[in-house]
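Numbering (the numbering used here), first residue to last: 127 to 272. Even glycine gets a Cβ: it sits at the ideal position worked out from N, Cα and C. Input: a single structure, listed below in structure tokens.
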């Protein structure tokens, strides 16, 4: 009992020394009024970082939904990557088609140039063949229906 009296005496002396000191209940009420939002949000963030929110019964019930959302997220990421790869492939194919088209036009123009009558005559001049001055005639053969 002597110890209890001493602590009570010490407490009463502190209360006497501080005339406006609040009781423990009043102090906790005052602290919770000012910091209730800060502690609640700090507790939520701490719970998320620690992972303790995953063990609650509500979260266990929502686990299939979270797995579904994760699956949809992964599908979205895969789909966007696939679309990007497809776009890159299409652009490469367009570039190849363009190059092939240029090559086709170039080859066609060279062929047109080399198959002109004057170009052929120039090439055949050294071999001894000459260009015909008379135009070609059509030969008609009549068949007897005997």
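For this session: Over the uninterrupted alpha helix (DSSP H) stretch that includes residue 251, give me the two end residues.
Result: One-based indexing of the chain shown puts residue 251 at position 125. Element bounds for residue 251: n/a, residue is neither H nor E.
Exercise. Could you check where the alpha helix (DSSP H) with residue 199 kicks off and where it finishes?
Worked result: As a first step, residue 199 is located in the chain shown; it is residue number 73 there, counting from the start. Here the alpha helix (DSSP H) through residue 199 covers 183-240.
Exercise. Rounded to the nearest angstrom, how far is the Cβ of residue 187 from that of residue 179, given a contact under 8 Å?
Worked result: To locate residue 187, count along the chain shown from 1; it is residue 61. To locate residue 179, count along the chain shown from 1; it is residue 53. In fact, because the Cβ distance is near 13 Å, the residues do not count as touching under 8 Å.
Problem set entry | Sequence-distant residues of its chain with Cβ nearer than 7 Å to residue 185 (five each side left out) | In the chain shown, residue 185 corresponds to position 59, counting from 1. Closer than 7 Å at Cβ, skipping near neighbours: 179.
Exercise. Do residue 245 and residue 239 have their CB atoms nearer than 8 Å?
Worked result: Within the chain shown, residue 245 is the residue found at index 119, counting from 1. Within the chain shown, residue 239 is the residue found at index 113, counting from 1. The answer is yes: Cβ separation under 8 Å.
Problem set entry | Simplified DSSP assignment, three categories, for residue 180 | For the purposes of this step, residue 180 is taken as the residue at position 54 of the chain shown. Here residue 180 sits in helix by DSSP.
For this session: In angstroms with no decimal places, state the Cα-to-Cα distance between residue 225 and residue 213.
Result: Position 99 of the chain shown, counting from 1, holds the residue named residue 225. Position 87 of the chain shown, counting from 1, holds the residue named residue 213. For residue 225 and residue 213, the distance between alpha carbons rounds to 18 Å.
Exercise. Grouping DSSP H, G and I as helix and E and B as strand, with all else coil, what is residue 267?
Worked result: As a first step, residue 267 is located in the chain shown; it is residue number 141 there, counting from the start. Three-state result, residue 267: coil.
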